[in-house]
Amino acid sequence: MDFALSDDQKALRGLARDFAKNEIRPKAEHHDKTGEYPLQILKKAWEIGLMNIHIPEKYNGAGMHELDDVIIGEELFWGCSAMATAILANNLALAPVLIGASDEVLKKWVQPMTEQFQLCAYAVTEPGAGSDVAGIRTTARKVGDEYIINGSKMWITNAGYADWFFVLTKTDAAAGHKGITGFIVSSKTPGVVVGKKELNMGQRCSDTRGITFEEVKVHKSQMIGKEGDGFKIAMGAFDHTRPGVAIGAVGVARAAMEHALEYAKTRTAFGKPIIENQAISFMIAEMARDIEAGRLLCHQAAWLIDNGFRNTYQASIAKAFCADACMRITTDAVQVLGGYGFNSEYPVEKLMRDAKIFQIYEGTSQIQRLIISRYLTEGKGIEGPNL
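Each residue of the sequence shown is one higher than the last, beginning at 1 in full-length UniProt numbering.
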C-alpha cells in the first residue's frame, strides 16, 4: 500500500495549485459579486492543460486518470468552487461520451476539443427529474436516419457557453430506464433554445441554465452507444465523476479551515488568541480530521476506477461524506470568525454559500445514502474493496 504521489502527479498538483493561487483566487470575489462568467480564466486553464484531461492519447488528449482529476480538482476548488465547476464541467459531459461513443463520434466531437478551446455540457436533469433520472420526459423519436428531440432540461452547467450537449432522452417510453438513449447535440442545432442564467445562492459565476429542445433533429450517428443504453452509460459515468466532485468539497473545506485557523491565531479575546480556547481549537481540529478523511476517500474511489475495479459504493461514500463535511466546516468557519464571518467582506460566507451545492449536484446526499444502503442490503461493500 502506497499513498505517495508520483513525480508527475506532484508536478500536476503544483501546476493546479499555482493556477488557483495566481489566476483564480485574486478574481474570486469579483466574479462572485458580479456573477460574470470567467471565460478568460477557462481559456487559460485549457491552454496549460487543466481541462479535458481524460481524452485518450489516441485522440490527441492527455489520457490522464481519475486520480489526476482528483489532484487537480482539490486545488482548483480551493481557489474558487464556482470557477472550478466551470473549468471541470467538461469532464462530466465527456464521461458518458468516452464510455459509450463510437470511434467516429470521438473523432468528430471530442478530438477537436484538444485542438481548440471548446465547452460541452451534461444535459440530463429536468424540471421534474433530478435524482430520478429514469423519470426524464425529454423524448427522441426516430424518423428515418434521424431522431427528433423534444423536451426541457434544467440546471445545466455551462449551458450558455457550450458547443455541444450530452442529452439524455426517452426513445421508448414503455421500457422504463431501458428505453433511455443519449445523444450528442450541437448547441447551434435549430430548435435548441438556451434559457436565462439562473441566480443561485452560491457558485454565482458558474453558468447554470435551462435548455429547451423543440423538434431538434440529430443524425443517428450522434447516438452514444446503442438505443436503450443511455441510462446505463449515464450512471456509469458517475463512477468516474463523483470522486472529482467529492474532492471539490474537500478543496472548499480546506480553504475555509485555513481562513478560520489564520483568524483564530490572530484574533484575541480575554487576553489571548482564541485558538488557545479549547472550544475553538477543537472545532478547527475536527475540520482538519474531516478534510484528511475526505481526501483519502476520494483518492481511494479514484484509484479503484483507474485500476479497473467498480467504485460505485466508495464513490458514493466519498461524495456523501465530503459534501456533508464541507457544509459543516464552512459553517463552523463562519462561526469562528463571528460577526466578521457573517460579513461579505470576508471570504468564509462565500465558501459557506458555495458549499451547499455539493449536497445537491451530482446526486444529492440522500441519493448517496440510498446507493450505500442498497449495497449493504445486498451484502456488498462493508468488508472493503475486494481486490
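All C-beta atoms, glycine included, are put in the ideal place defined by N, C-alpha and C.
Through-space distance from Lys-265 to Ile-136, alpha-carbon basis
Position 136 of the sequence shown holds residue 136. Position 265 of the sequence shown holds residue 265. Approximately 51 Å between the Cα atoms of the pair.
- Should the stretch 265-282 be called in touch with the stretch 23-32, which here means at least 3 C-beta pairs below 8 Å? no
Assuming the contact rule is C-beta atoms closer than 8 Å, Ala-288 and Met-257 should be a hit. Round their C-beta distance to whole Å, please. The count along the sequence shown starts at 1 and reaches residue 288 at position 288. The count along the sequence shown starts at 1 and reaches residue 257 at position 257. Confirmed, Cβ separation roughly 6 Å.
Considering only DSSP beta bridges, list what Pro-273 is partnered with. Looking up residue 273 in the sequence shown gives position 273. Beta-bridge pairing links Pro-273 to Thr-268.
Check: Are the CB atoms of Ile-148 and Ile-233 nearer to each other than 8 Å?
Finding: By 1-based counting over the sequence shown, the position of residue 148 is 148. By 1-based counting over the sequence shown, the position of residue 233 is 233. No; because the gap between Cβ atoms is not below 8 Å, this pair is not in contact.
* Asked: Does the Cβ of Glu-23 have 16 or more other Cβ atoms within 10 Å, making it buried, or fewer, making it exposed?
  -> Residue numbering aside, residue 23 sits at position 23 when the sequence shown is read from its first letter. Its Cβ being crowded by 16 or more others within 10 Å, Glu-23 is buried.
### Message
Suppose contacts are defined by Cβ-Cβ distances below 8 Å. Is residue 393 in contact with Met-327 by that definition?
### Response
One cannot answer for residue 393 here, as it falls past the ends of the chain, which runs 1 to 387.
- Message: Once DSSP output is grouped into helix, strand and coil, what is the label at Gly-210?
- Response: One-based indexing of the sequence shown puts residue 210 at position 210. In this structure, Gly-210 counts as strand in the three-state DSSP scheme.
If we ignore side chains and look at the alpha-carbon of each, how far apart do Thr-189 and Lys-217 end up? Here residue 189 refers to the residue found at position 189 when the sequence shown is read from its first residue. Here residue 217 refers to the residue found at position 217 when the sequence shown is read from its first residue. Looking at the two C-alpha atoms, the distance is approximately 8 Å.
How many Å lie between Asp-145 and Met-223 at the Cα? Walking along the sequence shown from the start, residue 145 turns up at place 145. Walking along the sequence shown from the start, residue 223 turns up at place 223. Whole-angstrom Cα-Cα distance: 11 Å.
Check: When the Cα atoms are used, what is the spatial distance from Cys-120 to Tyr-161?
Finding: Here residue 120 refers to the residue found at position 120 when the sequence shown is read from its first residue. Here residue 161 refers to the residue found at position 161 when the sequence shown is read from its first residue. One C-alpha to the other measures close to 8 Å.
**Report entry** Collapsed DSSP secondary structure at Leu-5 in the structure displayed
**Finding:** Numbered from 1 along the sequence shown, position 5 holds the residue referred to as residue 5. If DSSP states are grouped into helix, strand and coil, Leu-5 belongs with coil.
query = Alpha carbon to alpha carbon, what distance is there between Ile-211 and Trp-78?
reply = By one-based count along the sequence shown, residue 78 stands at place 78. By one-based count along the sequence shown, residue 211 stands at place 211. Answer to the nearest angstrom: the Cα atoms are 30 Å apart.
- For Phe-282, is the classification buried or exposed, using 16 other Cβ atoms within 10 angstroms of its Cβ as the cut-off for buried? Numbered from its first residue, the sequence shown carries residue 282 at position 282. That one is exposed.
* Could you tell me the distance, in whole angstroms, from the CA atom of Phe-165 to the CA atom of Glu-214? => The sequence position of residue 165 within the sequence shown is 165, counting from 1. The sequence position of residue 214 within the sequence shown is 214, counting from 1. Whole-angstrom Cα-Cα distance: 15 Å.
_Please report the distance separating the alpha-carbon of Ala-323 from that of Val-245._
In the sequence shown, the residue the question calls residue 323 occupies position 323. In the sequence shown, the residue the question calls residue 245 occupies position 245. Going from the Cα of Ala-323 to the Cα of Val-245 covers about 9 Å.
- prompt: According to the Cβ coordinates, are Thr-114 and Asn-200 closer than 8 Å?
  reply: Taking the sequence shown and counting its residues from 1, one reaches residue 114 at position 114. Taking the sequence shown and counting its residues from 1, one reaches residue 200 at position 200. No, the pair does not count as a contact, with Cβ atoms beyond the cut-off.
Give the straight-line distance between the Cα atoms of His-219 and Glu-227, rounded to the nearest whole angstrom.
Taking the sequence shown and counting its residues from 1, the one referred to as residue 219 is at position 219. Taking the sequence shown and counting its residues from 1, the one referred to as residue 227 is at position 227. Cα to Cα, the separation comes out at about 13 Å.
**Prompt:** What residues match up with residue 403 in a beta bridge as DSSP calls it?
**Reply:** In the structure as shown, the chain begins at 1 and stops at 387. Residue 403 is therefore absent and cannot be evaluated.
| In this structure, does DSSP put Thr-138 in helix, strand or coil? | For the purposes of this step, residue 138 is identified with residue 138 of the sequence shown, where counting begins at 1. Coil at Thr-138, not helix or strand.
### Query
Does the beta-carbon of Gln-366 have 16 or more other beta-carbons within 10 angstroms, so that it is buried, or is it exposed?
Reading the sequence shown from its first residue, position 366 is the one you call residue 366. With fewer than 16 other Cβ atoms within 10 Å, it is exposed.
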